[in-house]
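Residue numbers (the numbering used here): 998 to 1376. Just so you know, even glycine gets a beta-carbon here, dropped at the ideal spot from N, CA and C. See structure below.
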Amino acid sequence: MLKSLVKYTTETNHTFVLFSWAKDPPQEIATSNIQFISLAHTKSWQTALKIFKNLPLTKIQSLLEKSIFKSIFNSGVEINWYLSPWVCPTMNLPYITVVWDLEHRLQPYFPELSTEGNWDGREKSYAVRLRRAAIILTGTEAGKLEIERFYQVATGIKKLPLPTPSFALNAQPSDGKQVLAKYNIPEKYLFYPSQFWPHKNHVGLLLAVQMLRDKYDLVFPVVFAGSDKGNMQHVMQLVTELNLMTQVHFLGFVPQQDLISLYRHAFALTFLSFLGPDNLPPLEAFALSCPVVAANVSGAKEQLGDAALLVNPRDQEDIARAIKSLHDDKILYQTLIQRGLERASKWTGQDYVQEVLSVLDEFETIRRCWSSKTPYHGV
998 MLKSLVKYTT ETNHTFVLFS WAKDPPQEIA TSNIQFISLA HTKSWQTALK IFKNLPLTKI
1058 QSLLEKSIFK SIFNSGVEIN WYLSPWVCPT MNLPYITVVW DLEHRLQPYF PELSTEGNWD
1118 GREKSYAVRL RRAAIILTGT EAGKLEIERF YQVATGIKKL PLPTPSFALN AQPSDGKQVL
1178 AKYNIPEKYL FYPSQFWPHK NHVGLLLAVQ MLRDKYDLVF PVVFAGSDKG NMQHVMQLVT
1238 ELNLMTQVHF LGFVPQQDLI SLYRHAFALT FLSFLGPDNL PPLEAFALSC PVVAANVSGA
1298 KEQLGDAALL VNPRDQEDIA RAIKSLHDDK ILYQTLIQRG LERASKWTGQ DYVQEVLSVL
1358 DEFETIRRCW SSKTPYHGV
């Protein structure tokens, strides 16, 4: 996103300041006119809040927000653009926020969304932050309707599809077979890059792979890439119970360059997460000529169109049939690759930034009504 923003800073009347917890500016803005301001001096307060997150540390929270607000206000910034739904250090200036999902409302039974205070934390954050936002960005009409339904936000919601990640879209050609040798995995595997959360539904894929083997005599290797978030042991136990030990490979976290080769050499991406409506791995796979089998969750058809085979993530037989159809129908296989490439190039980081700049242009006619140089104090 930063690279795309840098490209357009010379084509807009707006000026930009990048605030970061890091001490030093990222390389992407080194030759740009984007100003960098570090918020590293606030890290000790953030650490205290994380350590004592279950205690009523309102004073520390207040001091942290005041410090951040002072840094932002003194820079002359008129509106904040928060790139993550989890970052909103101050609401005392107009801001743009983003929503990827509201699944804690739709599927609160998943432990990663409900236990250890996660449900309450999400709900309290969204309930205040979304209602106070100047503009809310979300990727699909399904996501927009969820925001309206759960938080009664009637205006200021802008639909902007997630852009195809540039690392995948601009990846250089390479053989990549050394990556397969590095991890000791065969060609033509089912690939699922995701952290081991319960909602990622590794279980559904394993049951489908068992069915492919036992019912259709199709033996597919499976490659999981991603770190453990509390559910890996459960998945590994199921691999043993289903007698899939020789088929399933656990790679853990992999670097981005390896990820590119893993997509390119896969038979297909099998993205079966129960959560939506916005997901990035299918877009990465599209850009790297990897066919996609994806869960038909809310927003999936809107995001992926006809470039993916959509399946019921609860039904291992439906998943197995989709994988088998790719195996049996070479024309379908190549068609999905071509459609994926077209979809990947249709909406990029540059397109996303251009739309945000248009949003800023519109809001400028409102923001000019009060000063950005002196704090506002009502009488």
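Check: Check whether chain D comes within 8 Å of aspartate 1312, counting only Cβ atoms and requiring the distance to be less than that.; Outcome: The chain inventory of the structure shown lacks chain D, comprising one protein chain alone.
Check: Indicate the three-state DSSP secondary structure (helix, strand or coil) for methionine 998 in the structure shown.; Outcome: coil
Check: Are there 16 or more other CB atoms within 10 angstroms of the CB of alanine 1304, so buried, or fewer, so exposed?; Outcome: buried
Check: So, for tyrosine 1330: in the same chain, excluding its five sequence neighbours on each side, which residues have a beta-carbon less than 7 Å away from its beta-carbon?; Outcome: Pro1288, Leu1323
Check: Identify whether proline 1195 lies in helix, strand or coil by the three-state DSSP scheme.; Outcome: helix
Check: Are phenylalanine 1188 and glycine 1223 closer than 8 Å when you measure CB to CB?; Outcome: no
Check: Which residues in the same chain have their Cβ closer than 6 Å to the Cβ of phenylalanine 1016, if we skip the five residues on either side of it in sequence?; Outcome: Ile1034, Leu1036
Check: Assuming histidine 1262 and glycine 1173 are in contact, meaning their beta carbons sit under 8 Å apart, how far apart are those beta carbons, in whole angstroms?; Outcome: 6 Å
Check: Which same chain residues end up closer than 7 Å to leucine 1157 when comparing Cβ atoms and leaving out the 5 residues on each side of it in sequence?; Outcome: Leu1134, Gly1136, Tyr1349, Glu1352
Check: So, leucine 1269 versus isoleucine 1316, is the Cβ gap smaller than 8 Å?; Outcome: yes
Check: Tell me whether the beta-carbon of glutamate 1109 lies closer than 8 Å to the beta-carbon of histidine 1196.; Outcome: yes
Check: Secondary structure at tyrosine 1244, three-state DSSP: helix, strand or coil?; Outcome: One detail in the question is off: residue 1244 reads as glutamine in this sequence, not tyrosine. If DSSP states are grouped into helix, strand and coil, glutamine 1244 belongs with coil.
Check: So what does DSSP say about tryptophan 1078, is it helix, strand or coil?; Outcome: strand
Check: Using the three-state DSSP reduction, which class does glutamine 1032 fall into: helix, strand or coil?; Outcome: strand
Check: Would you call methionine 1242 buried or exposed, if buried means 16 or more other Cβ atoms sit within 10 Å of its Cβ?; Outcome: exposed
Check: How far does the beta strand (DSSP E) with alanine 1165 in it extend, from its first residue to its last?; Outcome: Alanine 1165 -> not in any beta strand (DSSP E); alpha helix (DSSP H) instead, spanning 1163-1166.
Check: Can you tell which of Gln1169, Thr1012, Glu1075, Gln1313 has the C-alpha that lies nearest to the C-alpha of cysteine 1366?; Outcome: Glu1075
Check: Taking the Cβ atom as the reference point for each residue, do serine 1001 and glycine 1346 lie within a distance shorter than 8 Å?; Outcome: yes
Check: Report the CB separation of isoleucine 1144 from valine 1096 in whole angstroms; it is logged as a contact under 8 Å.; Outcome: 6 Å
Check: Got a sec? Which residues, its chain only, sit under 7 Å from proline 1082 by beta carbon, not counting five neighbours each side?; Outcome: Thr1094, Val1095, Val1096, Trp1097
Check: To the nearest whole angstrom, what separates the beta carbons of asparagine 1077 and leucine 1090, a pair I think is in contact under 8 Å?; Outcome: 6 Å
Check: Alpha carbon to alpha carbon, how far is valine 1294 from glycine 1201?; Outcome: 14 Å
Check: Going residue by residue through the segment 1244-1271, where are the continuous alpha helix (DSSP H) segments of at least 4 residues, counting only ones entirely within it?; Outcome: 1253-1261
Check: Can you pull the DSSP bridge partners for leucine 1134?; Outcome: Val1095, Lys1155
Check: Start and end of the beta strand (DSSP E) containing valine 1356?; Outcome: Careful: valine 1356 lies outside any beta strand (DSSP E), inside the alpha helix (DSSP H) at 1346-1364.
Check: Identify, in the order they occur along the chain, each residue of the same chain with its Cβ nearer than 7 Å to the Cβ of arginine 1364, setting aside the five sequence neighbours on each side.; Outcome: Glu1075, Ile1076, Pro1091
Check: If you count every other CB in all the chains shown that lies within 10 Å of the CB of threonine 1112, and 16 or more means buried, which is it?; Outcome: exposed
Check: Could you pull the DSSP bridge partners for aspartate 1225 from this structure?; Outcome: Phe1193
Check: Can you tell me where the alpha helix (DSSP H) with arginine 1176 in it begins and where it stops?; Outcome: Note on residue identity: the sequence assigns valine, not arginine, to residue 1176. Start and end: 1174-1180.
Check: Throw me the rounded Cβ distance for the leucine 1159 and leucine 1277 pair, which I believe falls under 8 Å.; Outcome: 6 Å
Check: Report the option in Thr1012, Ser1068, Met1229 whose CA atom is closest to the CA atom of tryptophan 1018.; Outcome: Ser1068
Check: Could you name the residues of the same chain whose beta carbon sits closer than 8 Å to that of glutamate 1299, not counting the 5 residues immediately before and after it, in chain order?; Outcome: Thr1137, Glu1138, Ala1139, Pro1274
Check: Among the residues of its own chain, which have a CB less than 7 Å from the CB of threonine 1006, if the five just before and after it don't count?; Outcome: Phe1013, Ser1029, Asn1030, Ile1031
Check: For serine 1017, name the three-state secondary structure that DSSP assigns.; Outcome: strand
Check: Give the DSSP-derived three-state secondary structure of valine 1232 in the structure shown.; Outcome: helix
Check: Please report the residue range of the beta strand (DSSP E) in which alanine 1292 lies.; Outcome: 1289-1292
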